[in-house]
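The numbering of the sequence shown is our numbering, which starts it at 14 and goes up by one. The block underneath contains the structure these notes are about, expressed in structure tokens.
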Amino acid sequence: FNLNTGDRFLLYSDAITECSNEKDEMFGMEKLKHAIKNNQASSLQQSIQALLHDVEYWNNKNQMKDGFDDDLSILALELT
């Protein structure tokens, strides 16, 4: 694949898409795509912070959990 100026490339661990809420529903790929799309106009750092906020909010809905079940990792690159 080709990357052009302004394109972003994200690598993430499965802890993001598999993060569950109080109903044991996973954050999933659709919510991940939505979070990325909604913040694409922000800086890369702001975009990743917003994504992490969304995942943490989703996870915190599950009052039975304290933190994440798995390691959460994101590598984000932007071609300038």
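For every residue, glycine included, the Cβ atom is placed at its ideal position computed from N, Cα and C.
| Asked | Found |
| --- | --- |
| Beta-carbon contacts of residue 18 that lie in its chain and below 7 Å, excluding the five residues immediately before and after | 92, 93 |
| Closest Cα partner of residue 53 within the set 86, 31, 14, 21 | 21 |
| Residues near residue 67 in its chain [Cβ-Cβ closer than 6 Å; skip 5 each side] | 48 |
| Backbone CA spacing between residue 41 and residue 71 [nearest angstrom] | 11 Å |
| Buried or exposed by the 16-neighbour rule on C-beta atoms within 10 Å, applied to residue 16 | exposed |
| Residue 88 versus residue 24 - alpha carbon distance | 5 Å |
| Boundaries of the beta strand (DSSP E) in which residue 1 is found, first to last residue | It is not possible to answer for residue 1, since the shown part of the chain is limited to 14 through 93. |
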